[in-house]
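Reviewing the structure listed below.
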Amino acid sequence: MEDWKRPINKYKAVLDTGGENVDIDINVPKLRAENLHFQTWGSARILAGQLHTIPIEKAQFRENGVNILEMGAGTGLAGLAAAAIWQTSVTLTDLAPFVPGLARNIDVNKDVLSDRRASACSGALDWNQPATLPVFHHDPEQIQQTYSSETDKARVIIAADCLYSEDHPRMLTNAILAWLRPGPDSRVIVCYPLRIAYLDIIRELWELLEAGGLESVSEGKEEITDEVWDDERLHEWGVWRWRL
Numbered sequence: 091m092e093d094w095k096r097p098i099n100k101y102k103a104v105l106d107t108g109g110e111n112v113d114i115d116i117n118v119p120k121l122r123a124e125n126l127h128f129q130t131w132g133s134a135r136i137l138a139g140q141l142h143t144i145p146i147e148k149a150q151f152r153e154n155g156v157n158i159l160e161m162g163a164g165t166g167l168a169g170l171a172a173a174a175i176w177q178t179s180v181t182l183t184d185l186a187p188f189v190p191g192l193a194r195n196i197d198v199n200k201d202v203l204s205d206r207r208a209s210a211c212s213g214a215l216d217w218n219q220p221a222t223l224p225v226f227h228h229d230p231e232q233i234q235q236t237y238s239s240e241t242d243k244a245r246v247i248i249a250a251d252c253l254y255s256e257d258h259p260r261m262l263t264n265a266i267l268a269w270l271r272p273g274p275d276s277r278v279i280v281c282y283p284l285r286i287a288y289l290d291i292i293r294e295l296w297e298l299l300e301a302g303g304l305e306s307v308s309e310g311k312e313e314i315t316d317e318v319w320d321d322e323r324l325h326e327w328g329v330w331r332w333r334l
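The opening position of the sequence shown corresponds to residue 91 in the numbering used here, with each subsequent residue numbered one higher.
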């Protein structure tokens, strides 16, 4: 496909407070699903620079199961950055037509993932029916295995810019509650642009997460500073855990 030959975009994943970073290469083929383009959202860029500041108990990653699960991954930037930062495995998920793009970005970053002792796979996750997750390893035409929300729960869930419909707070919460592993060390990390039209949707997500038994443990705001950025610049991120 000629689309796979489109220029690679490079983003920095900040690894630690000393400023060490690695490049995450992102290919953006012309894929579409549900009137959405396959693209890198601003929230993913924010998280690539912020995830290293979030305390995560890395010892839990030595156990079996899904370590990091990214929902609505877009091009996979946030999840790939998380895998590199925390040196573990990530499962990137989005709508089925986007899975070949995710697999491509896993492949173009295989060297940096290997250098960081990390790995990645991809799959399509239905937020309305999240019980099972078919997972692909590099070849999007071949199902390698199927994860279950009953037996393969995730220790960290990432959702970057996943709120652009009135149904999304309910759908996203449904998927998060199905997949987040019980225990004090599990975390949900969300990030979204503070678009005026979507503030009520953001508020509803918070209410549903709290009603589902989660609590916010930290939050912050950051702006995208690119001169050519044509979307909302101010973003908010938050970290959630099961209520203690």
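Beta carbons are placed, not taken as given, at the ideal position from N, Cα and C, and that holds for glycine.
- Counted as a single uninterrupted DSSP element, the alpha helix (DSSP H) harbouring N195 occupies residues 189 to 198.
- In the same chain as L298, and ignoring 5 residues on each side of it, the C-beta atoms closer than 8 Å to its own belong to P259, R260, T263, in chain order.
- When P119, A123, D290, E300 are compared, the shortest CA-CA separation from N195 is found for P119.
- It is roughly 33 Å from the alpha-carbon of L253 to the alpha-carbon of D205.
- Taken in chain order, the complete alpha helix (DSSP H) segments of 4 or more residues contained in the region 126 to 183 are 132 to 140, 167 to 176.
- The distance from the Cβ of V246 to that of Y237 is about 15 Å, inconsistent with a contact at the 8 Å cut-off.
- The beta carbon of R285 sits closer than 7 Å to the beta carbons of E322 from its chain, once the five residues preceding and following it are set aside; these are given in chain order.
- In the DSSP assignment, H258 falls within the unbroken alpha helix (DSSP H) covering 258 to 269.
- DSSP places A301 in the uninterrupted alpha helix (DSSP H) bounded by 289 to 301.
- Within the model, the alpha-carbon separation for V329 versus E124 is close to 28 Å.
- By the C-beta density criterion, A301 is exposed, having fewer than 16 other C-beta atoms within 10 angstroms.
- In this structure, DSSP gives D201 a helical state, which the three-state scheme calls helix.
- Per DSSP, the continuous beta strand (DSSP E) segment holding W327 begins and ends at 324 to 332.
- Boundaries of the beta strand (DSSP E) around S238: 235 to 238.
- Proximity to R277 across P187, L137, I146, P190 peaks at I146, based on C-alpha coordinates.
- Take W131, set aside five residues on each side of it, and the residues of its chain with a beta-carbon closer than 7 Å to its own are G164, A250, D251, in chain order.
- Under the DSSP assignment, C281 falls in the beta strand (DSSP E) whose first and last residues are 277 to 283.
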